[in-house]
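Protein chains: 2
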Amino acid sequence: MADDFDVIVIGAGPAGENVAARAVRGGLTAAVVEDVLAGGECAYWACVPSKALLRPVELTAEVGRVPGLEPGPIDSAAVLARRDEVVSHFDDSGQVGWIEGLPAEFVRGRGRLAGPRRVEVTARDGSVRLLTARQAVVLATGSTAVIPPVPGLAEAAPWTSHEVTAATGVPARLVVLGGGVVACEMAQAMHGLGSRETTLLVRGSGLLGKIEPFAGELLARSFVESGIGVRFGAQVRRVERPEPGGKVTVHLAQGPPVEADELLVATGRRAATAGLGLGTIGLPEDEPVTVDDTLRATGVADGWLYAVGDVNGRVLLTHMGKYQARACGDVIVARARGERDDLPSYRDLAGGYGAPQVVFTDPQVCAVGRTEEQARQEGFAVRVVEYDLGAVAGAFLLGDGYRGRAKAVVDEDRGVLLGVTFAGPGTAELLHSATIAVTAEVPLDRLWHAVPSFPTVSEVWLRLLEAYGL
Amino acid sequence: MADDFDVIVIGAGPAGENVAARAVRGGLTAAVVEDVLAGGECAYWACVPSKALLRPVELTAEVGRVPGLEPGPIDSAAVLARRDEVVSHFDDSGQVGWIEGLPAEFVRGRGRLAGPRRVEVTARDGSVRLLTARQAVVLATGSTAVIPPVPGLAEAAPWTSHEVTAATGVPARLVVLGGGVVACEMAQAMHGLGSRETTLLVRGSGLLGKIEPFAGELLARSFVESGIGVRFGAQVRRVERPEPGGKVTVHLAQGPPVEADELLVATGRRAATAGLGLGTIGLPEDEPVTVDDTLRATGVADGWLYAVGDVNGRVLLTHMGKYQARACGDVIVARARGERDDLPSYRDLAGGYGAPQVVFTDPQVCAVGRTEEQARQEGFAVRVVEYDLGAVAGAFLLGDGYRGRAKAVVDEDRGVLLGVTFAGPGTAELLHSATIAVTAEVPLDRLWHAVPSFPTVSEVWLRLLEAYGL
């Protein structure tokens with residue numbers, strides 16, 4: 001086995017896999033180093049299992065809104081079994097086979113930088129192999145959940161996204177710290193699958209803080225109506241869990257403590273750079289790796305280091321990591337060939353427009369681009385248009401009491417959209433229309449001729465444009 | 471009551487309503503003439519009730535694909551009651567109020583042309599009122615179902631889209647003539663709601679003949695698996711129904727006759743021009759009214775006549791009729807003011823790209839733009855890209871055994887999409903992304919930066935672009 005490769009990728013999540021695939025497509029050799037499972041967090045402990053857990057819950061909610069249908073009970077054991085299936089029973093041989101089939105070399109072990117272009121891989125048996133990269137080393141190690149420094153919290157061994165998505169049972173009572181995507185999705189999943197007391201403790205005053213406020217408000221209303229407790233402005237003072245895996249009590253600055261059988265912490269993530277050897281090449285440890293728009297790390301002599309996905313701290317979303325990875329793999333190839341490296345496809349342009357995101361709750365929450373607040377702060381000539389999704393025929397035909405809302409942020413100087421947010425059942429697939437409109441900067445008067453089919457939820461596009469004055 | 475208006479609209483369906491709204495918004499006076507119900511076919515006997523009938527059937531199919539859920543029985547009486555609700559119990563007072571609130575005058579009665587700019591309205595009591603239009607008369611009378619000249623068929627008083635969407639019960643056995651959208655949607659609705667023998671008799675060799683063939687193939691497979699009978703190449707020779715409303719027998723050129731309790735004819739529609747007085751202004755009777763891109767009838771001196779929606783024969787889809795209506799109302803205003811009338815928003819441009827359409831079956835079938843065959847016939851430098859939707863993570867997470875397909879038709883000369891077709895559960899709202907891409911002619915290398923969220927069905931966009939070679 002040769003130990004020299006054109007490209008060495010540390011981390012075989014979706015981002016790492018895509019870098020390798022693009023590099024190999026371009027004629028380079030590549031090694032992919034992974035110490036856990038090829039496929040990464042997304043495939044086993046994030047997007048994929050969480051969606052599998054949420055799907056029956058979402059569908060049951062939809063059934064409940066349609067006269068003539070009766071929502072049945074959810075067989076949570078069957079749902080967990082289906083989850084096991086979609087995560088391939090935590091067996092990564094399929095993914096390893098995919099990497100090897102590129103072809104690229106899959107190296108199982110913990111990779112760390114050991115000076116310029118050098119990667120030291122420590123296998124589980126403790127043996128060490130040294131790899132060297134002719135063209136590039138790409139960091140794609142992702143991120144890990146942050147456990148806030150609350151007394152007793154770490155000792156309580158709380159669930160993070162990792163454990164909750166891999167749960168083998170549903171706790172009767174679940175307390176969730178956080179109000180972001182993971183907190184909201186997993187609270188609703190566990191509640192739907194049988195957790196009879198589910199309580200979110202949210203430090204701020206709303207859910208999904210990075211998205212337009214109305215979305216979090218709609219979601220909070222849905223939570224309360226379905227019996228999920230939400231306490232805003234919650235300051236956690238102390239956590240008690242006398243018996244490992246036993247009852248847990250969360251003490252707050254105000255109000256009664258919350259007692260539960262399990263505790264999920266979903267208060268943020270940090271770039272997985274610990275132990276990655278960044279110090280060996282003069283970069284700060286324990287910080288995201290700063291990159292330019294070609295995903296090349298800044299401050300590294302000769303520019304051989306790249307970072308894609310969560311580890312560069314740009315946007316912590318699988319699809320954006322994959323997108324960066326495609327650009328990164330391609331630009332490494334171009335540079336290796338001495339070709340021009342300034343094509344748009346070699347750059348992370350999408351991140352600049354504002355990454356699209358879908359929250360798979362009921363209601364679904366989808367957003368792309370800038371929020372109104374962001375756009376105003378950046379000095380755009382902003383005009384906002386909103387529309388009640390429940391007044392769209394295609395939406396109310398989805399079910400009784402349909403509730404949802406759409407908001408578009410317009411750049412009046414250029415007549416294009418800066419951001420779009422939808423909250424409502426059945427909007428997940430609607431988002432991509434907005435992603436295209438925002439990213440391709442399609443002028444509003446051109447969008448006017450893109451006629452939404454009747455009766456779909458998409459007709460909200462027409463309503464937004466009419467409300468704008470077209 | 472004055473009998474002179476700037477604009478007189480005959481037909482208060484969605485298209486007619488929109489012409490009036492835009493004309494009034496532009497400062498003109500308008501009258502809207504309707505002899506049946508304001509709101510039109512769409513609101514009472516087409517899109518709206520059909521979707522209400524299909525929704526529980528679609529949702530039950532989705533539930534059946536999700537482990538952990540059990541599809542329950544559908545209470546068809548409750549579904550029909552919900553249908554009654556969404557069609558406002560066939561009461562148009564809400565729609566009349568909307569028209570009057572524009573404000574425009576609502577004139578109940580049968581409108582017909584009586585020479586240039588003159589409309590004669592015959593009320594139900596036989597009284598006649600003569601209206602005259604200063605600026606324009608707009609025909610928006612829609613279309614009616616064609617009953618083919620098969621011996622015994624008309625005498626059997628078959629259902630058309632009108633009767634099936636307004637059904638007060640579900641026939642135990644239903645035979646359907648046709649294989650287009652209405653035939654497919656209503657066969658599946660009635661079957662799902664309890665028709666235990668549902669048979670489609672299709673003259674051609676596939677379903678949904680105007681859409682890419684793979685879509686009809688997927689749908690036919692779904693029909694057969696769910697127990698809906700499909701006989702292709704069926705030539706109906708004779709229909710027998712000895713007792714009105716009784717058993718009906720359809721005799722075919724080949725194979726055994728089909729016996730059923732009800733017969734639905736869905737073999738096409740024709741422009742509703744009969745009795746409209748087109749002869750009084752020298753236009754052919756019983757033909758669609760030919761219009762230019764501003765929806766103005768050709769061959770009419772002084773250009774005061776317009777036609778929008780089904781009656782002009784361009785595209786028989788509610789949303790396209792409404793789209794035409796907006797352009798039509800606006801251009802009438804511009805011409806009345808003596809302003810320039812050549813703005814893009816005054817023209818039916820979308821029709822030229824190929825209208826978007828969603829078929830609300832399981833699987834859903836969605837298409838916009840040109841099919842491969844159309845594009846080749848028109849001489850484009852065509853390249854086709856296809857992708858298995860079941861291989862998209864966001865699709866297989868929707869349920870076990872997800873089946874679907876996507877096809878994109880690329881114009882290689884310009885690097886833009888000419889047409890996109892999706893067939894698969896959960897694709898209805900995905901279509902609008904394609905509608906924007908096709909209509910706004912977004913270059914493929916720009917679409918590359920519109921990143922689909924993971925895990926949504928929309929990720930098929932990435933797969934199509936990768937398959938294309940990006």
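Sequence order for the protein chains is A and B.
So for the first sequence, our numbering puts the first residue at 1; every next one is plus one.
So for the second sequence, our numbering puts the first residue at 471; every next one is plus one.
Think of the CB as a built atom: it goes at the ideal place given N, C-alpha and C, for glycine as much as any other residue.
Predicted model only: the values in this text are computed from it and were never measured.
- Relative to residue 38 of chain A, the option among A:315, A:153, A:95 and A:361 whose CA is nearest is A:95.
- Excluding its 5 nearest sequence neighbours in each direction, residue 678 of chain B has C-beta neighbours in its own chain below 8 angstroms: 649, 650, 651, 654, 685, 686, 689, 829 and 835, listed in chain order.
- Contact of residue 47 of chain A with chain B is assigned, a C-beta pair being separated by under 8 angstroms.
- When Cβ-Cβ separations below 8 angstroms define contact, residue 461 of chain A makes contact with chain B.
- Taking residue 158 of chain A as the centre and dropping the five residues before and after it, the same chain places the C-beta of 263 and 265 closer than 6 angstroms to its C-beta, in chain order.
- One finds nothing in chain B with a Cβ atom closer than 8 angstroms to the Cβ of residue 246 of chain A; even the nearest lies about 28 angstroms away.
- Under the 8 angstroms criterion on CB atoms, residue 568 of chain B is classed as non-interfacial with respect to chain A.
- In this chain, the beta strand (DSSP E) harbouring residue 581 of chain B covers 580-583.
- Contact annotation: residue 553 of chain B and residue 519 of chain B have beta-carbon atoms nearer than 8 angstroms.
- Nearest CB-CB separation between residue 660 of chain B and chain A: not below the 8 angstroms threshold.
- Of the other Cβ atoms in all chains shown, 16 or more fall within 10 Å of the Cβ of residue 188 of chain A; this residue is therefore buried.
- Contact residues of the stretch 74-87 of chain A toward chain B are 74, 75, 76, 77, 78, 79, 80, 81, 82, 85 and 86 (C-beta to C-beta distance below 9 angstroms).
- Spanning the alpha carbons of residue 267 of chain A and residue 533 of chain B requires a straight line of approximately 33 angstroms.
- Taking 8 angstroms as the upper bound for CB-CB distance, residue 823 of chain B and residue 839 of chain B are in contact here, some 6 angstroms apart.
- Burial is judged here by how many other beta carbons sit within 10 angstroms of a residue's own beta carbon; residue 199 of chain A has at least 16 and is buried.
- For the set A:23, A:17 and A:301, the Cα lying nearest the Cα of residue 334 of chain A is the one of A:23.
- For the pair residue 784 of chain B and residue 900 of chain B, the Cα-to-Cα distance works out to about 24 angstroms.
- Excluding five sequence positions before and after residue 320 of chain A, the CB atoms of its chain that fall closer than 6 angstroms to its own CB belong to 355, given in chain order.
- Look at residue 432 of chain A: its C-beta is under 8 angstroms from a C-beta on chain B.
- Within the stretch 435-453 of chain A, those residues whose Cβ lies closer than 7 angstroms to any Cβ of chain B are, in chain order, 435, 436, 437, 439, 440, 442, 445, 446, 447, 448, 449, 450, 451, 452 and 453.
- In the displayed model, residue 559 of chain B falls within a helix according to three-state DSSP.
- Interface annotation, residue 398 of chain A: in contact with chain B, CB-CB separation under 8 angstroms.
- Here the C-alpha atom of residue 176 of chain A lies approximately 17 angstroms from the C-alpha atom of residue 53 of chain A.
- For residue 887 of chain B, the uninterrupted beta strand (DSSP E) segment begins and ends at 886-893.
- Across the structure, residue 708 of chain B and residue 363 of chain A are spaced so that their CA atoms are roughly 52 angstroms apart.
- Scanning B:927, B:585 and B:560 for the CA closest to the CA of residue 632 of chain B turns up B:560.
- Residue 551 of chain B places its beta carbon less than 8 angstroms from that of residue 67 of chain A.
- As computed with DSSP, residue 629 of chain B is found in a beta bridge with B:734.
- Per DSSP, residue 386 of chain A is one residue of the beta strand (DSSP E) stretching across 382-388.
- At a cut-off of 8 angstroms between C-beta atoms, residue 402 of chain A does not count as an interface residue with respect to chain B.
- Within the stretch 315-329 of chain A, those residues whose Cβ lies closer than 8 angstroms to any Cβ of chain B are, in chain order, 317, 318, 319, 320, 322 and 323.
- For residue 643 of chain B, the enclosing beta strand (DSSP E) stretches over residues 643-647.
- Contact residues of the stretch 194-211 of chain A toward chain B are absent (C-beta to C-beta distance below 9 angstroms).
- If you draw a straight line from the Cα of residue 9 of chain A to the Cα of residue 305 of chain A, it comes to about 10 angstroms.
- By the 16-neighbour rule on beta-carbons within 10 angstroms, residue 847 of chain B is exposed.
- Annotation: the continuous beta strand (DSSP E) that includes residue 143 of chain A extends over 143-145.
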